[in-house]
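For reference, the structure is listed below as structure tokens.
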Amino acid sequence: MKKYVYCFFLSWLALPPVFAHQPQNTLPHIPDTAVVEQLTDTTAQVTDRRKLSVFARKAAVPVLLIGLGVTHMDDEGLFEGSRGLRRVVQRGYADYNTRVDDYLYHTPLALTVGLNLAGVKGEHHYAEQALLLGMTHFINRVITNNLKSITAINRPDGSNNDAFPSAHTSKAFAYATFFHKEYGGRSIWYSIAAYSAATATGTLRILNDKHWLSDVLAGAGIGILSAELVYLVYPRLQEIIDRSFHSRQQNKLVMMPYYGGGAGGIALVWQLH
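The sequence shown maps to residues -20 to -1, 1 to 253 in mature numbering (1 follows the signal peptide of the UniProt record, and there is no 0).
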């Protein structure tokens, strides 16, 4: 009997050290609000840096194309330069003439409409697609038209002096990149079809003697860059509009692209109840 008493006594003496290692307060810890806000701000900053890093990688190809276009405006470098390539084209396709390039760059737009009618969903709702496309077209047109006015490069056929960059090629690659953003995730063949149409447009502009190689290269780069820039800015624009909407429940903000009279932009309509 004494042995059992001693065992019980020793066991009781051993319990306090065990309980001493248990946490004193079992209630859940509620973090400080300021710390939470600071962590949220830090996370947002890291996210923004990642977005910029992603954009830098995606901008590498269009920047390279623009650089090649600028360096081949009037030289005898790669592919004998713009003038050298034109001599080669003129020897083999002197009488070549087609109007297909005036319509081919609309291929991604026609595919977008067709897929929406067929019920194939893209990355955004069709209303947002229209907005994204309008923004892409506006930015692309502003950059292209201003560069044409600044550079004043004569076309190969001598028809006028607004060759650089190629507007047809620029729009073709802008629309192709838009289509790739919306449907490229569903199938790589969507992207291949869009960029094939854009590449064919640029090739036909050279064969028709309407543009130099430099015009087409720079136009392709500007087109891709225009769409990439819109898709980078659009999420942040959505956040700003959402915050404005929630802070003023009585108001409605409507945003839409517009173009007319040689000018375009984004129209913001604030409707009051």
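Built from N, CA and C at the ideal position, the CB exists for glycine as well.
Element boundaries [alpha helix (DSSP H), containing Tyr71]: Residue 71 is actually Arg in this sequence, not Tyr. Its alpha helix (DSSP H) spans residues 61 to 72.
Pairwise C-alpha distance: Ala74 and residue 317: Residue coverage of the chain in this structure runs from -20 to 253, which leaves residue 317 outside it and unanswerable.
The region 197 to 206 contacting the region 95 to 110, beta-carbon criterion three pairs below 8 Å: With a cut-off of 8 Å, the region 95 to 110 and the region 197 to 206 do not count as touching, because too few Cβ pairs lie within range.
Asn140 versus Val34 - alpha carbon distance: 39 Å
CA-to-CA distance, Asn120 to Tyr214, given in whole angstroms: 15 Å
Sub-8 Å separation of Leu184 and Asp81 beta-carbons: yes
Range of the contiguous alpha helix (DSSP H) that encloses Ile133: Note, Ile133: premise wrong, no alpha helix (DSSP H); not H, not E.
C-beta atoms of Leu197 and Gly49 nearer than 8 Å: yes
Residue from Tyr155, Ile168, Ala40, Glu108 whose Cα sits closest to the Cα of Tyr85: Answer by Cα proximity: Tyr155.
Supposed close pair Thr181, Ala147 - CB separation, criterion 8 Å: Actually they do not touch by this definition, with Cβ atoms about 11 Å apart.
The region 167 to 182 contacting the region 115 to 131, beta-carbon criterion three pairs below 8 Å: With contact defined as three or more Cβ pairs closer than 8 Å, the region 167 to 182 and the region 115 to 131 are not in contact.
Simplified DSSP assignment, three categories, for Ser194: Ser194 falls in the helix class under three-state DSSP.
As assigned by DSSP and simplified to three states, the class of Ser33: helix
Within 8 Å, strictly: CB atoms of Pro136 and Arg66: yes
Proximity winner among Val68, Pro42, Ser129, relative to Gly201 (alpha-carbon distances): With distances taken between Cα atoms, Gly201 lies closest to Pro42.
Which of helix, strand or coil DSSP assigns to Lys38: helix
Contacting residues, own chain, Cβ-Cβ under 6 Å from Glu219 (five flanking each side not counted): none
Local conformation of Arg216 per DSSP, three classes: helix
Backbone CA spacing between Leu212 and Gly165 [nearest angstrom]: Roughly 17 Å separates the two Cα atoms.
Same chain only: Cβ atoms within 6 Å of Pro88, ignoring 5 sequence neighbours per side: Tyr155, Ala156, Phe159, Ala174
Cβ-based neighbour list, Ile46, same chain, cut-off 6 Å, excluding 5 preceding and 5 following: Ala198, Gly201
With 16 other Cβ atoms within 10 Å as the buried cut-off, status of Thr149: buried
Neighbour-count burial assignment, Thr78, 16 or more Cβ in a 10 Å radius: exposed
Exposure of Leu112, with buried meaning 16 or more beta-carbon neighbours within 10 Å: Burial check for Leu112: the Cβ neighbour count within 10 Å reaches 16 or more, so the residue is buried.
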